[in-house]
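Since the structure comes first, as C-alpha cells, the remarks are kept for the end.
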Amino acid sequence: MPNMQITPNFIGLDTTYPTADGQTLTRLHLDGAASPLASATALETIQKLLPHYSNTHSYVHNSAEISTKALAWAHQVVLKYVDADPDDYACVFTGAGTTAAINRIARGLHLARPTRRLVLVSSMEHHANDLPHRQFGNEVVYLPLNGEGPDSGTINLDELQRLCQQHGEQINYIAVSSVSNVTGIKNPIQKICDIAHQYAILVVVDAAQSVAHEPTRLSESGVDFLVFSGHKLYTPMSPGVLVAKKPLLRALDGQDLGGGSVSTVSFYDYELVNDETVKEESGTPNIVGAIALASVLEELMKYGLEALQLKDSALITELKEKLESIDNITVYGDPELPRVGAIAFNHSHVDHGLFAAILNDYFAIAVRNECFCAHPYVSSLLKDELWQLDLSHIAEDQQESYINRKRGMVRASLSLYNSSDDIDTLIRAINEITVNHQNYAKHYTPQADGSYRHNSFVLDWKLELGWQ
Ligand SMILES: Cc1ncc(COP(=O)(O)O)c(C=O)c1O
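With our numbering as the guide, the letters of the sequence shown map in order to residues 358 to 825.
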C-alpha cells in the first residue's frame, strides 16, 4: 500500500455503539461520501480562533483584523488547493454547501446570458446539480452516458459534441460532476471543457465527490465554475465553496444583496464593491468554518494530494475487486472504470434497506443506502432489475412499498481514515449476511418507504450523546 505515513487525526474513530445482539463494537465509518468524520485539525483551528473571534470587514480592532485577514487567507488557500491561478480565478464562500453554490450559478448565468436558454446536464448528477438548472425557464437536455443500465459509465463525449454542434449558441453551460456520488465513476472534465469552449459554452463542475480524493487542477483544465462542500473535506460546519473565473464572477449580478457587498448606497441607488469575492459574499460569512476548512486543506496539501490519491485509489480498487468476487453481489457502473471514493452495490437476495440495517445493527458498520439524492441515475442503473420485478404475487396496495424496497443500493465510501483492515471487516460482514440473511431478516419489519426497522433494537440517541 503506498504511503502509509498519511495519518491525520480524526474525531470519532473510536466511537462505539451497542449492537442488536448485545455486543459493543467500534463503529466502522464507511459513509464519507455523505460526510466524512471531522478532522482534529479543524477543531484545533476553531479552538485557537474563538478567543479572537470577531466579525470581519474591518481592521478597527485587533480581533477584527485577525478575523478579516484569516478569512482572506482562507480564500487564497482554497485557490491553492484547487490549483487555480489567483490572477484568473476567485473563491467565494457560499452559505451552505455545494447546493447553495450551484443554485447561485444557475440563477446568475440565467440572468447573465439570457439568449442561451439550453443547459446540458449529465445523467449521473446529484439533485443539487440537476434541479437548480431546471428553474428560470431553462430547457435542460440530459447528456447520455456510455453504456446501458447497470454497466453505464462516463458521459458520452460524441453525444456532447453533437449537441454542441447542433445547438451551440443556445447552450449556456454544461453541468457535470467530476465524480459520481453513487458509483464513484469519474467524468473526463478536461475533454468536456475542450469541447464546450469551442462553442463559448461554460462548464460548471460539481466537485463535491472529488476534492477530498484527488488533486484538482483548475487552471490546467480551464473549468469555468467549480463548486464543493467544506463538510466533505473533514470540516463540518464549514461553508460551500465556489471557485470561478474572475470575468465570469464579475458578469454575475450580486445576488444576495446586503451589507458587505456594496460600496455606495443611497435611497435611490447602490453600487457593488469592485471585487469578485466581496461582491458575492453579502452579510456575515461563515468565518470560523471557512478558516477551519482552510487549515484542513493546508494539512492535506502538506501530506501531498498525489500521495492521498494513490492511497485512495489503491483502497477503492481493493474494495471493488473484493466486492466483485462475492456471489450474488452486483457492483454498479462500468466494471472497467476505476472508482473514486464510493462504490454502490446490491445483493440479489437482500434488499438494500435490510442490508444497510443489518450492517449497522449487528456489525456497527455505517454505510448509506437508497438513491443518494440521484434518483434518475440510480433508476437508470437499476432499470433492468426494476422492469423484471414480478408484482403478480403482491397486493395492489403493497406494490409501491415493494418497489421502494428494490429501488436503491448500498453505498460504501472510503475516506482518509479508512484502511485495508476496514475493507476486510466489511467483506467479512457481507459474507456473513450472505450466508445467514434469512435469520437476520426475521428480526426486521419492512417499512413503506423501503427501509427496514428492527423489531426490538432501538438506539437511544440521547444516551449516546450523554444527555441522560
Ligand atoms: C456530487 C454531489 N453534489 C452535491 C451534493 C450536495 O452537497 P451539499 O449537501 O453539501 O450541498 C452532494 C452531497 O452528497 C454530492 O455528493
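Ideal Cβ positions, reconstructed from N, Cα and C, are used throughout, including at glycine.
Computed from a prediction, not measured in an experiment: that's the story for all the values here.
Taking the C-alpha atoms as reference points, what is the distance between L694 and E571? 16 Å
Pairwise C-alpha distance: E655 and Y438: 8 Å
Tell me whether P443 is buried or exposed, calling it buried when 16 or more other Cβ atoms sit within 10 Å of its Cβ. exposed
Please report how far the alpha carbon of H794 lies from the alpha carbon of I784, in whole angstroms. 15 Å
For K543, does the three-state DSSP call read helix, strand or coil? strand
With DSSP collapsed to three states, give me the class of G710. helix
Going by the C-beta, is H588 closer than 7 Å to any heavy atom of ligand 1? yes
In angstroms with no decimal places, state the Cα-to-Cα distance between P359 and N529. Residue confidence for P359 is low, a pLDDT of 44 falling below 50, so the modelled location carries little weight and cannot support an answer.
Using a threshold of 8 Å, state whether the C-beta atoms of N643 and F450 are closer than that. yes
Distance cut 5 Å, beta-carbon to ligand 1 heavy atom: residue list by chain order: G454, T455, T456, H483, A485, S534, N538, D563, A565, Q566, S586
Check this for me: beta carbons of A532 and V600, under 8 Å apart or not? no
Helix, strand or coil at S534 [DSSP, three-state]: strand
Which runs of the beta strand (DSSP E), 3 residues or longer, sit entirely within the stretch 676 to 764? 686 to 688, 699 to 704, 725 to 727
Three-way DSSP call (helix, strand, coil) for Y625 in this model: coil
Among residues of its own chain, excluding the 5 on either side of P393, which ones have a beta-carbon nearer than 6 Å to its beta-carbon? Y591, S772
Under 8 Å between the Cβ atoms of R762 and G710? yes
Applying the criterion that 16 or more other CB atoms from any shown protein chain within 10 Å of the CB defines a buried residue, is L517 buried or exposed? buried
In or out: R519 buried (at least 16 other Cβ within 10 Å) or exposed? exposed
Quick one: what's got a C-beta closer than 8 Å to S736's C-beta in the same chain, skipping five residues either side? C728, L743, R764
Go ahead and label S682 buried or exposed: buried means 16 or more other beta carbons lie within 10 angstroms of its beta carbon, across all protein chains shown. exposed
Taking the alpha carbon of T674 as the reference point, which residue from E637, S776, I722, Q612 has its own alpha carbon closest? S776
Below 8 Å on the Cβ atoms is my contact criterion, and I expect I546 with S535 to pass it. Report the Cβ-Cβ distance as a whole number of Å. 6 Å
With respect to the alpha helix (DSSP H) encompassing T456, which residues constitute its N-terminal and C-terminal limits? 455 to 469
Does the beta-carbon distance from Y660 to F367 come in below 8 Å? no
Which stretch, first to last residue, makes up the alpha helix (DSSP H) that contains G646? 644 to 660
Would you report the Cα separation of K543 and A671, rounded to the nearest angstrom? 15 Å
Whole-angstrom Cβ separation of E455 and S586, contact assumed at under 8 Å? In the sequence as displayed, the identity of residue 455 is Thr instead of Glu. Confirmed, about 5 Å.
Taking the alpha-carbon positions, what's the T802 to F814 distance? 12 Å
Quick one: is S396 buried, meaning 16 or more other Cβ sit within 10 Å of its Cβ, or exposed? buried
According to DSSP, simplified to helix, strand and coil, what is R810? strand
Could you check the C-alpha separation between D440 and N703 for me, to the nearest Å? 37 Å
Quick one: residues in its chain with C-beta nearer than 7 Å to the C-beta of V434, no 5 flanking neighbours on either side, listed in chain order? A651, L654, E655
Can you give the beta carbon distance from K877 to G506, rounded, assuming they're within the 8 Å contact cut? Absent from the structure is residue 877, since the part of the chain shown begins at 358 and ends at 825.
Rounded to the nearest angstrom, how far is the Cβ of N412 from that of T641, given a contact under 8 Å? 6 Å
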